[in-house]
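Position in the sequence shown (from 1) plus 356 gives the number in the working numbering.
Every residue gets a Cβ at the ideal spot worked out from N, C-alpha and C, and that includes glycine.
In this text the structure is predicted, and so the values were computed from the model without any measurement.
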Amino acid sequence: MKAYKALDAYNFFVSGWVNTVFTKKVAESNSVVVTARVYHLQRTRTTPLSTWLLADVSGEVILGHCDCMAGLCEACSHIAALLVAVEAGYRMRDSVTCTGEKGQWIMPSYVKEIPYMPVSDMDLTSANKLRKQLEEPDGSKQRAEKKRPQIEVTTASERDNFFKEIFNYGKSAILSLTPPYNSSFIFHEEQVFVDSKNRDSLRFLCWPNEDLTKEMKEYPMVTHLFGATSSPSVANFYLRKTAQSYQEDFYKEVIETVNRNMYVDDMMKSTSTTGKAISLASQLRTLLEKGGFRLTKWYRKDREVMGTIPKSERAKSVANLELEGLPTESALGLKWNIEEDKFVKEVMEKMLQRVSQKPVTR
357 MKAYKALDAY NFFVSGWVNT VFTKKVAESN SVVVTARVYH LQRTRTTPLS
407 TWLLADVSGE VILGHCDCMA GLCEACSHIA ALLVAVEAGY RMRDSVTCTG
457 EKGQWIMPSY VKEIPYMPVS DMDLTSANKL RKQLEEPDGS KQRAEKKRPQ
507 IEVTTASERD NFFKEIFNYG KSAILSLTPP YNSSFIFHEE QVFVDSKNRD
557 SLRFLCWPNE DLTKEMKEYP MVTHLFGATS SPSVANFYLR KTAQSYQEDF
607 YKEVIETVNR NMYVDDMMKS TSTTGKAISL ASQLRTLLEK GGFRLTKWYR
657 KDREVMGTIP KSERAKSVAN LELEGLPTES ALGLKWNIEE DKFVKEVMEK
707 MLQRVSQKPV TR
């Protein structure tokens with residue numbers, strides 16, 4: 357094709373106007389169809405042209421077509437640009453990108469090898485400082501030896517006390533790897549067990565033992581997981597099932613609280629007296645523990661009620677009850693001022709600045 361040698365075709369390709377290149381082998385023949393979407397040179401916002409060509413597996417172009425006027429005669433710059441893209445793809449097929457090779461340091465010519473050593477033994481002195489040291493006369497200054505502080509290794513009891521202190525203030529990421537605290541991060545099978553006939557709906561692909569050289573295998577989930585579309589309904593079902601299973605052992609108000617005052621993993625409940633609140637909180641924790649659930653992040657205006665709840669199960673903002681004023685927390689999408697016991701609206705500072713500079717028109 358004469359248009360293949362034209363400079364316009366090359367410009368189309370290097371400018372990025374050739375997109376969505378696909379190939380399809382024609383059944384029962386040695387021909388291949390190559391399609392692409394090519395943009396106009398002067399009209400980039402219009403619908404791209406549908407350009408395709410038919411070629412033999414040997415590389416001989418049989419025919420071509422494009423939506424433009426010249427393409428109706430089977431010869432235009434758009435078809436030629438598609439040919440340039442195909443040739444570029446063939447040349448780049450066996451090449452290796454920079455991300456496909458191992459990273460290497462660019463070493464000076466006189467350095468043949470960089471030995472491995474601990475960071476503490478590395479000399480990280482800047483080049484300017486090294487030059488000044490070389491320029492100084494011998495004996496004028498002696499390089500001061502670095503004095504590194506001696507850090508004592510902690511004992512087992514000190515580490516246990518440290519982890520207990522962290523656990524009292526809430527869940528921390530380091531505790532998920534530290535037994536026995538990591539058990540609070542794990543759902544037990546009896547809590548959200550998946551029936552064997554329904555496990556195929558919760559399947560995933562994974563490499564055995566995280567070995568990428570092995571073939572991927574398909575695994576079904578034995579327990580329900582977070583983030584699935586079914587998670588909210590499954591959580592509500594298990595909570596209600598727990599309340600139904602132990603309704604004979606608890607007061608009616610405790611069972612109704614689980615059935616009517618919980619939304620997925622959040623609960624909002626008000627009582628008329630402090631004594632009722634203390635009793636209700638204690639029984640709710642006991643009931644849900646029987647089903648494998650643990651109620652945490654408690655907060656309430658009454659400090660006497662909060663004092664009966666373990667520090668590790670309170671919200672972080674109210675872990676310390678000696679605060680002068682309790683903070684504002686989120687509750688089911690609303691802002692609740694715990695100290696004043698009322699819902700409030702918070703306006704962002706950016707919005708206030710915009711309103712002060714320009715009045716709201718909508």
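- When DSSP states are grouped into helix, strand and coil, D567 belongs to the coil group.
- In this structure the region 388–397 touches the region 430–440; the number of beta carbon pairs closer than 8 angstroms is three or more.
- Using a C-beta cut-off of 8 angstroms, the region 549–568 makes no contact with the region 603–619, since fewer than three inter-stretch Cβ pairs fall below that distance.
- Judged by DSSP secondary structure, K691 falls within the beta strand (DSSP E) whose first and last residues are L690 to N693.
- In the structure shown, I611 falls within a helical segment according to DSSP collapsed to helix, strand and coil.
- CA-to-CA, the gap between D477 and E492 works out to about 24 angstroms.
- Nearest neighbour of A591 by Cα position, chosen from Q600, K381 and V548, turns out to be V548.
- In the DSSP annotation of this structure, the continuous segment of the beta strand (DSSP E) that includes D412 starts and ends at L405 to D412.
- G445 and L690 have their C-alpha atoms some 55 angstroms from each other.
- Note on geometry: alpha-carbon atoms of D567 and M473 lie some 29 angstroms from one another.
- For S387, no alpha helix (DSSP H) segment is defined; the enclosing uninterrupted segment is the beta strand (DSSP E) at S387 to V394.
- In the structure shown, the three-state DSSP call for S528 is coil.
- With fewer than 16 other beta carbons inside 10 angstroms of its own, G415 counts as exposed.
- In this structure, S673 and E685 form a Cβ contact; the two beta carbons are roughly 6 angstroms apart against a cut-off of 8 angstroms.
- Close CB contacts of T534 within its chain, under the 7 angstroms cut and outside five residues either way in sequence, are with F519 (chain order).
- Looking only at I462, Y537 and K597, the smallest Cα-Cα distance to N517 is reached by Y537.
- Under the 10 Å beta carbon count, S557 is surrounded by fewer than 16 other beta carbons and is classified as exposed.
- Excluding the 5 residues flanking it on each side, F523 has same chain C-beta neighbours closer than 7 angstroms at L531, Y537 and S668, in chain order.
- Taking the C-beta atoms as reference points, V620 is found nearer than 8 angstroms to P588.
- According to DSSP, residue pairing for F699 in a beta bridge involves W692.
- DSSP places S587 inside the alpha helix (DSSP H), whose first and last residues are S587 to S601.
- The alpha-carbon of Y602 is positioned some 12 angstroms away from that of Y594.
- M448 and K381 have their C-alpha atoms roughly 21 angstroms apart.
- For the 8 angstroms CB-CB criterion, L651 and T598 do not form a contact.
- Under the three-state reduction of DSSP, K573 is assigned to strand.
- Assignment of beta-bridge partners to G420 by DSSP yields L409.
- Using a 10 angstroms sphere on the CB of S371, the tally of other CB atoms stays under 16, which defines it as exposed.
- Using a Cβ distance threshold of 8 angstroms, P576 and R596 do not count as a contacting pair.
- E645: member of the alpha helix (DSSP H) spanning T630 to K646, first to last residue.
- Between the alpha carbons of A411 and F378 lies a distance of about 13 angstroms.
- About 18 angstroms separates the Cβ atoms of D697 and K653, ruling out a contact at the 8 angstroms cut-off.
- At the C-beta level, F368 and H434 come within 8 angstroms of one another.
- In the displayed model, E521 falls within a helix according to three-state DSSP.
- Taking the Cα positions, V374 is about 27 angstroms away from S385.
- For R659, the enclosing alpha helix (DSSP H) covers residues R659 to G663.
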